[in-house]
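Okay, so the sequence shown: first residue is 0 according to numbering that gives the first Met the number 0, each after it adds one.
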Amino acid sequence: MPTARPRARPVVVSIGGSVLLTGEGDVPYLEGLAERLGRLGRDRPLVVTTGGGRTARAYIETGRALGLTDVELDELGIDVTRLHARLLAGRIGPPTPSHPPATVREAVESVHRASPVVLGGTEPGHTTDAVAALIAVRLRASHVVNATDVPGVYDRDPKRDRTAQRLSRLGWEEFRRLVAAGAPGTPGQAFVFDRLGAELLARAGIPLYVVAGRDLGNLEAAIGDAPFEGSRIGP
């Protein structure tokens, strides 16, 4: 009697809100993303976090103008990320839970019963990148894929400087310096990855792959640890 093929190690994917909803081609993109995540989740434990993007930033900017505290602003952003998670989870369909987990513990427990699992933010002070990193450490994931609106990590902001160079491979120390310069840690921050998430992955020795989230073929390659276009951060 043939033995069952062992499942691959877990992978965690952090999808930025700026990738999920751009105002252009969102429905076909989400359909394609859901199909690929559902298929890939059958072969390995897969957890996906969804960011808040411009929708969350709009609420946060309005809330800040109204005098809300940073905790309240974070909570606004979390609510938006959970809406994005429900949208994606609903399109993937069973066995993905239609009501996304609200904590890291729930996500880790859920993925052993159903994969993929999709969730948004969990608590104030943690971006969805940090949530992805926390889950990756708990699951001892093989790697984390960060799907963002730029095709990798650059030495300067490529949206402002056309001469910026993409860094295909870099170590954690170099990446820490870039994160410290570009991620202030305030509600609604926009950077390729956040400080807490970077520190967690660096300490655990879990590689981070950064790719353009709208290139679905390339995203799938990164999830499967196949050759991809983007940046690899790690040892």
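Cβ atoms here follow ideal geometry from the backbone N, Cα and C, with glycine treated the same way.
Residue closest to residue i, alpha-carbon to alpha-carbon, out of the options
i           : options               : result
residue 42  : 115, 120 and 197      : 115
residue 172 : 164, 206 and 162      : 206
residue 95  : 38, 19, 218 and 131   : 38
residue 210 : 82, 21 and 153        : 153
residue 81  : 122, 156 and 140      : 122
residue 129 : 25, 156 and 194       : 194
residue 218 : 147, 156 and 141      : 147
residue 232 : 220, 177, 213 and 216 : 177
residue 40  : 27, 119, 112 and 49   : 112
residue 248 : 120, 224 and 230      : Lying outside 0 to 234, the shown extent of the chain, residue 248 is not represented and no answer is given.
DSSP beta-bridge partners of residue i
i           : result
residue 230 : 209
residue 14  : 49 and 146
residue 153 : 165
residue 118 : 48
Residue i - DSSP class collapsed to helix/strand/coil
i           : result
residue 142 : strand
residue 54  : helix
residue 86  : helix
residue 130 : helix
residue 188 : Bear in mind that the predicted position of residue 188 carries a pLDDT of just 48, short of 50, making it unreliable; the figure below should be weighed with that in mind. Residue 188 falls in the coil class under three-state DSSP.
residue 166 : strand
residue 20  : coil
residue 69  : helix
residue 216 : helix
residue 40  : coil
residue 27  : helix
residue 61  : helix
residue 97  : coil
residue 194 : helix
residue 113 : coil
residue 78  : helix
residue 35  : helix
residue 135 : helix
Distance between residue j and residue i (C-alpha atoms, nearest Å)
i           : j           : result
residue 101 : residue 180 : 30 Å
residue 228 : residue 208 : 10 Å
residue 166 : residue 200 : 18 Å
residue 133 : residue 32  : 23 Å
residue 239 : residue 175 : Lying outside 0 to 234, the shown extent of the chain, residue 239 is not represented and no answer is given.
residue 169 : residue 151 : 11 Å
residue 137 : residue 107 : 7 Å
residue 269 : residue 24  : Absent from the model: residue 269. The displayed extent of the chain is 0 to 234, so no value can be given.
residue 21  : residue 75  : 20 Å
residue 60  : residue 16  : 16 Å
residue 117 : residue 234 : 28 Å
residue 12  : residue 135 : 9 Å
residue 186 : residue 124 : Below a pLDDT of 50, predicted positions are generally treated as unreliable, and residue 186, at 49, falls in that range; the measurement from the model is reported next regardless. Rounded to whole angstroms, residue 186 to residue 124 spans 8 Å at the Cα level.
residue 47  : residue 35  : 12 Å
residue 226 : residue 93  : 30 Å
Residues near residue i in its chain [Cβ-Cβ closer than 7 Å; skip 5 each side]
i          : result
residue 79 : 51, 54, 55 and 58
residue 10 : 43, 45, 140, 141, 142, 144 and 222
Residues near residue i in its chain [Cβ-Cβ closer than 8 Å; skip 5 each side]
i           : result
residue 89  : 97
residue 158 : 149
Residues of its chain near residue i, where Cβ-Cβ distance is below 6 Å and the 5 sequence neighbours each way are ignored
i          : result
residue 26 : none
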